[in-house]
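Chemist:
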Amino acid sequence: MSYTTALHGGATDDILKSLHKQFTIDDQTLFKITTTFLSEISDGLSSYGRAMAMMHVSPTFLSYAIPTFVKGVPDGSETGTFLALDLGGTNLRVCEVTLQGDQTFSLRQQKYKVSEALKTGEVTTLFDYLADSVDAFLTESSTPSKEPSSLIGSDPYAASNQDTPYLPLALTFSFPVEQSALDSGVLLTWTKGFSAKNAVGKDVVKLLQDAFDRKHIHVKCVALVNDTVGALLSRAYTSGGCILGAIFGTGTNGAYVEEVSKITKLGNSAAAAAGGDMIVNTEWGAFNNSRSALPTTPYDNKVDRESINPRFQAFEKFISGMYLGEIARNVILSMIDAAPKPILFGGRSSDQLNKQWGLDTALLSEIEEAWEGLGRFSLSPGSVEVTELEKLRRIQGVLVKRLELSPPDISLADADIVRQACTLIASRAARLSATAVAAILVHTGRARLWDQGEQSSAGLKDEGKRIGVGVDGSLVEFYPNFQTKLRASLRMLVGPEVESRVDIGMAKDGSGVGAALCALVAQRQSQAARTDGANAYNYEETTIRGRTEVAYLSSLS
Ligand code: BGC
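In UniProt numbering, the protein residues as written are 1 to 557.
Right under this line is the structure:
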């Protein structure tokens with residue numbers, strides 16, 4: 001019997017067994033979830049009605065797959081200095097990105113806090129704040145490292161009746177937006193705790209532009225991009241190729257390169273006629289809102305019910321950093337309150353634990369680091385392996401500090417129960433994340449599901465080649481073993497041969513670099529329009545020439 005097993009008995013043992021049962025997703029269920037994923041992607045590609053249904057109809061009928069009007073991917077040879085504004089994660093960021101043209105870039109950035117009042121107040125107040133932040137960034141950096149390359153005299157972006165140049169900016173806006181062109185898109189719904197009023201149904205580029213104009217700030221928003229698209233573009237830029245950009249952070253989502261002919265909902269539009277490839281934003285955080293495939297626990301139901309968007313973003317609520325801490329808080333509270341006898345902390349709680357969102361996912365991460373000997377708990381070379389007893393003592397220390405509990409209330413058994421709960425919640429998130437990646441690989445013809453036993457790789461797209469996946473977000477970057485667990489489940493789903501060819505790499509600063517790449521294309525598109533006349537728009541002339549593929553953007557008109 002291991003040290004930790006000996007700590008528990010009776011009721012605690014039963015509770016732990018029940019937790020394991022509820023949070024462990026077996027392989028067959030994982031296959032079923034991936035299959036459901038595949039069918040929801042197809043639904044999303046064929047019908048706008050489904051995505052738009054969100055605003056009016058039951059979320060059960062919701063499927064996304066949003067065409068982004070970003071065609072193809074860069075190859076690292078692109079150059080220029082661009083301004084980007086990034087809203088959607090924990091902070092708001094303004095950055096100036098310089099693409100060096102040799103797969104490298106430099107970036108100057110400033111982060112600004114977005115208060116709860118801004119997230120939940122009037123949308124114009126939020127966008128005024130965005131505009132002010134850009135203004136502050138430009139003022140603070142009045143001697144920019146380089147003049148943004150697009151700020152060249154009288155600009156095509158400038159209002160027709162004035163010569164003052166406008167500085168072009170790309171907006172990374174990481175919420176579900178139905179794009180109708182590179183520089184316009186309507187917000188379908190808020191996610192990740194945002195709920196600013198009078199925003200849903202509005203064009204977010206216009207909201208930002210109006211704020212700039214109200215404040216006489218000479219900046220023009222020329223491109224709108226989701227952070228997943230940014231991750232895909234930036235990973236392609238730095239590594240030379242990428243087919244999927246995915247975020248596993250505060251929220252979760254993925255964007256992949258799709259054949260335009262498969263996006264049947266584009267109908268007879270110019271974008272459809274142009275053919276080729278286009279990046280699709282899946283908004284997979286909304287996958288399986290009906291929860292027909294996702295095995296839901298009472299703790300998940302509670303998190304969902306008390307969230308600002310009950311019954312929406314189902315997948316995201318199982319996976320992302322915004323929610324894992326809250327799921328853990330609910331699990332912990334249920335054990336503090338257990339009858340007839342408390343299971344945890346002698347029945348004592350703390351203000352931190354009693355408050356909704358009081359437990360941050362970073363705490364789960366720290367507890368796992370304490371157990372695994374990672375992060376600040378890493379062993380220095382040559383030191384002796386730490387015993388389980390010492391690891392549990394570290395966890396006790398973390399709980400005292402972060403949850404404001406008093407030391408005598410936390411037994412070693414308590415520390416171990418909390419540790420097991422954290423591992424279960426995070427492992428489930430990593431396994432579910434693998435279903436999303438597997439579904440994209442299968443959907444794009446790069447993998448087959450191994451649910452019927454071993455499958456051959458013969459005839460697969462990109463057979464034998466590396467498959468680039470750009471990822472970003474706090475979970476995938478910092479959470480102990482998240483990526484290892486995701487990979488293990490991916491291997492189970494698509495087989496070791498395909499999995500070994502998947503290059504999962506960080507798309508660091510993807511939101512900034514990806515936005516810069518979009519601004520670059522918008523600039524070329526605008527220059528081409530100037531040359532050829534807006535109505536005789538020539539796709540070829542606005543192509544960013546790349547080694548592997550061409551990247552260009554089209555406007556749907
Ligand atoms: C949003 C996505 C975004 C993801 C990651 C989700 O909540 O709906 O648009 O890409 O979070 O930031």
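All residues carry an ideal CB built from backbone N, CA and C; glycine is no exception.
Leaving out the 5 sequence neighbours to the left and right, which residues in its chain are closer than 7 Å to T90 when beta-carbon positions are compared?
Modeler: Taken in chain order, the residues that qualify are T250.
Chemist: When you compare the stretch 93-108 with the stretch 67-83, are there three or more beta-carbon pairs, one atom per stretch, that lie closer than 8 Å?
Modeler: Result yes; three or more Cβ-Cβ pairs closer than 8 Å.
Chemist: D43 to P176, Cα distance in whole Å?
Modeler: Between D43 and P176, the C-alpha separation is close to 17 Å.
Chemist: What beta strand (DSSP E) runs, 3 residues minimum, are completely inside the stretch 480-530?
Modeler: Whole beta strand (DSSP E) segments, 3+ residues: 502-506.
Chemist: Rank K391, D213 and V437 by C-alpha distance to the C-alpha of E372 and give the top, closest one.
Modeler: Residue K391 is the option with its Cα nearest to E372.
Chemist: Please go through the same chain and pick out, in chain order, the residues whose beta-carbon is closer than 6 Å to the beta-carbon of G473, but skip the five residues on each side of it.
Modeler: So the list reads I247, F248 and G249, once near-sequence residues are dropped.
Chemist: Rounded to the nearest angstrom, what separates G375 and G275 at their Cα positions?
Modeler: G375 and G275: Cα-Cα distance of roughly 47 Å.
Chemist: Excluding the 5 residues flanking I327 on each side, which residues of the same chain have their C-beta closer than 7 Å to its C-beta?
Modeler: The answer, listed in chain order, is Y299, D300, V303 and I425.
Chemist: What number of angstroms, rounded off, separates the C-alpha of K17 from the C-alpha of F315?
Modeler: Answer to the nearest angstrom: the Cα atoms are 24 Å apart.
Chemist: In chain order, which beta strand (DSSP E) runs of at least 3 residues are fully inside the stretch 195-228?
Modeler: Entirely contained in the stretch 195-228, the beta strand (DSSP E) runs reaching 3 residues are, in chain order, 219-225.
Chemist: Skipping 5 residues on each side, what residues in its chain have a beta carbon closer than 8 Å to that of D351?
Modeler: G358 and E404, listed in sequence order.
Chemist: With a CB to CB cut of under 7 Å and the five nearest residues on each side skipped, what residues in its chain are close to Q455?
Modeler: So the qualifying residues of the chain are R448 and G495.
Chemist: Looking at the secondary structure, which residues open and close the beta strand (DSSP E) in which N281 lies?
Modeler: That run of the beta strand (DSSP E) goes D277 to N281.
Chemist: What is the DSSP secondary structure of K454, counted as helix, strand or coil?
Modeler: Reading the sequence as shown, one finds Glu at residue 454 and not Lys. Of the three classes helix, strand and coil, the one that applies to E454 here is coil, per DSSP.
Chemist: Using C-beta distances below 7 Å, list every residue in its chain close to K21, excluding the 5 sequence neighbours before and after it, in chain order.
Modeler: Here the set comprises nothing.
Chemist: Out of I217, K192, L182 and T191, which has the shortest C-alpha to C-alpha gap to residue 563?
Modeler: The displayed coordinates of the chain run from 1 to 557. Any statement about residue 563 would go beyond what the structure contains.
Chemist: Between the stretch 251-261 and the stretch 315-324, do three or more beta carbon pairs fall short of 8 Å?
Modeler: Yes, since at least three Cβ pairs between the stretch 251-261 and the stretch 315-324 fall closer than 8 Å, the two stretches touch.
Chemist: Expressed to the nearest angstrom, what Euclidean distance is found between the alpha-carbon atoms of L19 and R291?
Modeler: Looking at the two C-alpha atoms, the distance is approximately 20 Å.
Chemist: For V418, report the span of its alpha helix (DSSP H) as first-last.
Modeler: Here the alpha helix (DSSP H) through V418 covers L412 to H443.
Chemist: Within 10 Å of its beta-carbon, does S131 have 16 or more other beta-carbons around it, so buried, or fewer, so exposed?
Modeler: Residue 131 is actually Ala in this sequence, not Ser. That one is buried.
Chemist: Can you give me the start and stop residues for the alpha helix (DSSP H) that E477 sits inside?
Modeler: Start and end: S474 to F478.
Chemist: Which same chain residues end up closer than 6 Å to A366 when comparing Cβ atoms and leaving out the 5 residues on each side of it in sequence?
Modeler: A small correction: the amino acid at residue 366 is Glu; Ala does not occupy that position in the sequence shown. Here the set comprises V398.
Chemist: Helix, strand or coil for K111? Go by DSSP, reduced to three states.
Modeler: The answer is strand: DSSP assigns K111 an E or B state.
Chemist: In three-state DSSP terms, what is R93?
Modeler: Note: R93 maps to strand in three-state DSSP.
Chemist: Nearest to A271 by CA position, among M506, S433 and V70, is which residue?
Modeler: Comparing Cα-Cα distances from A271 to each of M506, S433 and V70, the minimum goes to V70.
Chemist: For N289, does the three-state DSSP call read helix, strand or coil?
Modeler: In the structure shown, N289 sits in coil (DSSP, three-state: anything other than H, G, I, E or B).
Chemist: Does S557 pass the burial test, meaning 16 or more other C-beta atoms within 10 Å, or should it be called exposed?
Modeler: Reliability of the predicted coordinates at S557 is poor, the pLDDT of 18 falling under 50, and the value obtained from them is presented with this limitation in mind. With fewer than 16 other Cβ atoms within 10 Å, it is exposed.
Chemist: So does the stretch 489-504 actually touch the stretch 203-214, counting three or more Cβ pairs closer than 8 Å?
Modeler: Judged by Cβ distances under 8 Å, the stretch 489-504 makes no contact with the stretch 203-214, as fewer than three pairs qualify.
Chemist: Cutting at 6 Å between CB atoms, please list the residues of its own chain near A236, excluding the five before and the five after it.
Modeler: So the qualifying residues of the chain are V73, P74 and C242.
Chemist: Suppose contacts are defined by Cβ-Cβ distances below 8 Å. Is residue 577 in contact with F105 by that definition?
Modeler: Nothing can be reported for residue 577: it is not among the residues displayed for the chain, which extend from 1 to 557.
Chemist: Does the beta-carbon of D183, which I'm using as the reference point, lie nearer than 7 Å to any heavy atom of ligand 1?
Modeler: Answer for D183: no, Cβ out of range of ligand 1.
Chemist: In whole angstroms, what separates the C-alpha of A421 from that of I332?
Modeler: Looking at the two C-alpha atoms, the distance is approximately 8 Å.
Chemist: At a cut-off of 7 Å, would you count I308 as near ligand 1, judging by its Cβ distance to the nearest heavy atom?
Modeler: No; taking the cut-off as 7 Å, the Cβ of I308 has no heavy atom of ligand 1 nearer than that.
Chemist: Does the stretch 280-295 come into contact with the stretch 24-33, if we say contact requires no fewer than three beta-carbon pairs (one atom in each stretch) closer than 8 Å?
Modeler: Yes: the two stretches touch, three or more of their Cβ pairs being nearer than 8 Å.
Chemist: Cα-Cα, which of R394, L138, F194 and R393 is closest to L167?
Modeler: Comparing Cα-Cα distances from L167 to each of R394, L138, F194 and R393, the minimum goes to L138.
Chemist: In chain order, what residues of the same chain lie with their CB nearer than 6 Å to the CB of Y112, ignoring the 5 residues before and after it?
Modeler: Hits under 6 Å: L92 and S133.
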